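Chains as they are written, first to last, in numbering that gives the first Met the number 0: chain A, 0 to 232; chain B, 0 to 269.
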Amino acid sequence: MTWFLFAIFPYIAVTLAVAVGVVRAVRRPFSVSSLSSQLLERRWLYWGSQSFHYGILLVLGGHLLAFLLPGTLRAWNGSPARQLALEITGLGLGLYALVGALILVLRRLTNARIRVVTSPMDLLVWLALLVSLVTGVLTAGVHRYGSTWFTGVFTPYLWSLARFAPEPERLDGLPWLVRLHAFNFFVLLALFPFSRLVHLVTVPVGYLVRPWQLVVANRQRSAGAEPSASARN
Amino acid sequence: MASSISLPALLGLGVLLAAAPAEGRAAEGGGEGGIFASRCAVCHTIGGGPSMGPDLQGVTERRSEAWLRSFIPDPQGMVDAGDPDAAALVKGGRASMPSGIVQPAEMDALLAELRAGGKPAAAPAEAPAGPEGRAEVGGRLFRGEEPFANGGLPCGACHGLADGSSLGSLAVDLTDVHGRLGEAGLRGALRTLPFPVMKEAYADAPLTEQERADLLAFFASLDASAPGRPASAGLLWGGGAAVAALLFALLGLGWKRQRRSISDELRSQA
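Okay, structure coming up:
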């Protein structure tokens, strides 16, 4: 079981993400999008989307740092005070992203205009994201200190995957919460090319710093429809 | 004539062939002092009374060989299979003894050690002739203030201490580990680290002899009975919630500065 979950499935997920992602980008380039719903509802989107995206990007960056520069992270955590500060920041960002995600999910389920443009795949993506966020936040709070033990458990495991010599036994004995968090990452990777998650590769840096774009709905108003809006997407 | 010589010779060769791999396994798997000393003595004694696990004196007479061969490599598997004797040994259906510490192929050697009453397994009891431990250095190694020479994770990454100086909680609190395992058991545990996650994490980052001595001295210096301040995990949760709340407050400032939609502009001017 461990072998399938942590040695075989990760390769299936990466293969799907790359192969289907490339095919989609080539054959249906305009589908590589976040399918913004900003024109339909703006206020809840602002609170949910900003907090979710900034939170999750920074937390993801932290995971990436632990994978690529474990020594640097270990050196930082060499002082218990610095370690606690980092853990508090990480947990805070995780909670920030989780609350943002809950806002967005509620918006998607309760706002009639958003529900119309919601596909089953959107709900599946949200379910997987919520599993990631909840298990991640609980791991940070309950199975301390992830920022240090990641470097001795997951960093060598992930490098073993990269070397095509998987060592899933490194995850044996970890609490189920941590294993679910890790496995769910590969689930998200597998969902990535089939869902709106593909907007992750739409040049994220430019996405963050580029100037405002005015998106104007140029059509007759219909009853009940919110008129034109300026938008960032 | 030829056959009368060759038969014993063949038998002898067979015995040699059968014995050679067994010896090889014992030497490879057991490390110094045999399998019992390096892996089981962390939690068990032979004739020394119960420790973390039961005293294994006479266990080969109390239990059948077949049962021991199944149980020792995979205790949880036996519990799950509904074995009543295995179930009686565990609490809440969960075996505290991890599977995989001893491989089925190593059971010949281990059973021989157990039958011999731990004779070859006396290593943990032998007088330590290693370096002198420095409790203060051990504490720094534990908390990660000083890195291990071979790059192993600091203990505090996963283990907590009751005085709150370490809040690690992936694994058990180690405040009373010295009292729980005893000097010999703890020395054996530090040498082989036979626990599920640690076994892999330290396989290519073993502790040096000096580091083990320093940690041993540190653990011995901890007073498990002292009224420690409870591990203040609340600080982490509270701090995290405060960070999130602060970020939402900043977001609130941003909302007011957001560019309004054209229709909002027009409405406000009307």
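Ideal Cβ placement from N, Cα and C applies to all residues, glycine included.
These figures come from a predicted structure and were not determined experimentally.
| query | result |
| --- | --- |
| Would a C-beta distance cut-off of 8 angstroms place P165/A and A6/A closer than the cut-off? | yes |
| What is the DSSP secondary structure of L34/A, reduced to helix, strand or coil? | coil |
| Is G29/B helix, strand or coil when you go by DSSP? | A caution first: G29/B carries a pLDDT of 43, below 50, which makes its placement in the model unreliable, though a value can still be read off. Three-state result, G29/B: helix. |
| Any chance you could list the alpha helix (DSSP H) runs of at least 4 consecutive residues sitting entirely within the segment 47-90 of chain B, in chain order? | 58-61, 64-70, 74-79, 83-88 |
| Can you check which of these residues, R162/A, R143/A, W158/A, S159/A, is closest to A156/B by C-alpha distance? | R143/A |
| Between V104/A and chain B, is any beta-carbon pair separated by less than 8 angstroms? | no |
| Could you pull the DSSP bridge partners for L15/A from this structure? | Answer by DSSP bridge pairing: none, since L15/A is not bridged. |
| In this structure, does DSSP put G132/B in helix, strand or coil? | coil |
| Return the residue from the list S78/A, L190/A, R114/A that minimises the CA-CA distance to R142/B. | S78/A |
| Under a Cβ-count criterion, where at least 16 other Cβ atoms within 10 Å of its own Cβ denotes burial, should Q102/B be classed as buried or exposed? | exposed |
| Against C157/B, what residues of chain A qualify as contacts under a CB-to-CB distance less than 7 angstroms, listed in chain order? | W148 |
| Between S50/A and V104/A, is the Cβ-Cβ spacing less than 8 angstroms? | no |
| Just verifying my parser: in three-state terms, what is the DSSP assignment at L166/B? | strand |
| In chain order, which continuous runs of the alpha helix (DSSP H) of length 4 or greater are located wholly inside the segment 100-172 of chain A? | 111-115, 119-141, 145-161 |
| Based on the DSSP secondary-structure assignment, which residues constitute the bridge partners of G159/B? | L166/B |
| Is Q75/B close to chain A, meaning its C-beta is less than 8 angstroms from at least one C-beta of that chain? | no |
| So, is the C-beta of V141/A closer than 8 angstroms to a C-beta in chain B? | yes |
| So within the segment 172-200 of chain A, which uninterrupted alpha helix (DSSP H) runs reach at least 4 residues, ignoring any that extend past its ends? | 175-190 |
| Can you tell me whether I7/A is helix, strand or coil according to DSSP? | helix |
| Find the nearest neighbour of S69/B within the set D107/B, G52/B, C42/B, judged by alpha-carbon distance. | D107/B |
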